[in-house]
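83 is the number that the UniProt record's numbering gives to position 83 of the sequence shown; each next residue is one higher, with no gaps.
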Amino acid sequence: MRKNVLVGYTVYKKKKNRAVLALVAIIVLVVAALWLLAINPEQKSTEPAKVETKNKMKKASPVAFVLPKSQKIVEEKKSEQKMSVAEDQILVKVTCRGIENNLPVERSEEFSPGQRVYFYNQIMIKNPPATITHNWINPAGQAIASVPLYIVNQPADTWSYITLPPESAGDWQIKIIIEDTVVEQVTFTAKN
Numbered sequence: 001m002r003k004n005v006l007v008g009y010t011v012y013k014k015k016k017n018r019a020v021l022a023l024v025a026i027i028v029l030v031v032a033a034l035w036l037l038a039i040n041p042e043q044k045s046t047e048p049a050k051v052e053t054k055n056k057m058k059k060a061s062p063v064a065f066v067l068p069k070s071q072k073i074v075e076e077k078k079s080e081q082k083m084s085v086a087e088d089q090i091l092v093k094v095t096c097r098g099i100e101n102n103l104p105v106e107r108s109e110e111f112s113p114g115q116r117v118y119f120y121n122q123i124m125i126k127n128p129p130a131t132i133t134h135n136w137i138n139p140a141g142q143a144i145a146s147v148p149l150y151i152v153n154q155p156a157d158t159w160s161y162i163t164l165p166p167e168s169a170g171d172w173q174i175k176i177i178i179e180d181t182v183v184e185q186v187t188f189t190a191k192n
């Protein structure tokens, strides 16, 4: 008899062990592939190639290439270049009405209460990985939101957003903070 497991208010039946079924399927595929290779009519011979000249059979001789001493064969390995900067740099900073495909949409500096405001910035960090913070400051000077953003890759596209509360008319600020230091700030206006 199969037992049921109770999770919350929903009853789930135990699932069959799928790992065993997957292992059996893999073994069957490997055996089938080996069988097909064993009956392949176009097997290549391991005998050396023969060249026919004037009705006489000769073994092919290996060909040697000699490079003059002035020529050299050089292999170049491409190494991954890590982008590094001397100091933290804000490449792009903009307020907008949305983000699509990791890019700002409908850039604006004026918004209405009740509207969502996005702040997008592209940044190069001196010592990644690091955490930057977007601090949203209302017209009264109070911090409404503090959004930490973890940066790993260079350059990093980051954004945060808030929905403006009613009665929020005035000049707002967004401060970009890295290691407890304000490196940039952006202002936008909320109008009734």
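Every residue, glycine too, gets a C-beta built ideally from N, C-alpha and C.
Problem - Backbone secondary structure at P68 - three-state DSSP - result: On the sequence shown, residue 68 is found 68 positions in, with the first residue counted as 1. In this predicted model, P68 has a pLDDT of only 48, less than 50, meaning its place in the structure is not dependable; the value taken from the coordinates is given anyway. P68 falls in the coil class under three-state DSSP.
Handout entry: For A145, the three-state DSSP class (helix, strand or coil)
Key = If you number the sequence shown from 1, residue 145 lands on position 145. Three-state result, A145: strand.
Problem - Strand pairing of A156, partner residues [DSSP] - result: Looking up residue 156 in the sequence shown gives position 156. For A156, which the question treats as bridged, DSSP gives the partners I123.
Exercise for the section: Tell me, to the nearest whole angstrom, how far the beta carbon of P166 is from that of I123; I am working on the premise that it is less than 8 Å. Expected result: Residue mapping note: residue 166 aligns to position 166 of the sequence shown, counting from 1. Residue mapping note: residue 123 aligns to position 123 of the sequence shown, counting from 1. So it is not a contact: roughly 32 Å between Cβ atoms.
Exercise for the section: Please go through the same chain and pick out, in chain order, the residues whose beta-carbon is closer than 7 Å to the beta-carbon of S108, but skip the five residues on each side of it. Expected result: Locating residue 108 in the sequence shown gives position 108, counting from the first residue. So the qualifying residues of the chain are T95, C96, R97.
Handout entry: Simplified DSSP state of L29, which is helix, strand or coil
Key = Residue mapping note: residue 29 aligns to position 29 of the sequence shown, counting from 1. Reduced to three states, the DSSP call for L29 is helix.
Practice task
For E179, I'd like the list of residues in its chain whose CB is within less than 8 Å of its CB, leaving aside the five on either flank, ordered along the chain.
Solution key: Counted from its first residue, the sequence shown places residue 179 at position 179. Closer than 8 Å at the Cβ level, and outside the excluded window around E179, lie A130.
Practice task
Below 7 Å CB to CB, which residues in the same chain sit around P148 once its five sequence neighbours on both sides are set aside?
Solution key: As a first step, residue 148 must be located in the sequence shown, where it is residue number 148. T131, T133, listed in sequence order.
Practice task
Compute the Euclidean distance between the alpha carbons of G114 and V20, then round it to the nearest angstrom.
Solution key: Taking the first residue of the sequence shown as 1, we reach residue 114 at position 114. Taking the first residue of the sequence shown as 1, we reach residue 20 at position 20. Approximately 55 Å between the Cα atoms of the pair.
Practice task
Return the chain-ordered list of same chain residues with a C-beta closer than 8 Å to the C-beta of A143, the five sequence neighbours on each side being excluded.
Solution key: Along the sequence shown, read from residue 1 onward, the residue named residue 143 stands at position 143. If we look at A143 and ignore the five residues flanking it on each side, its Cβ neighbours are N135, W136, I137.
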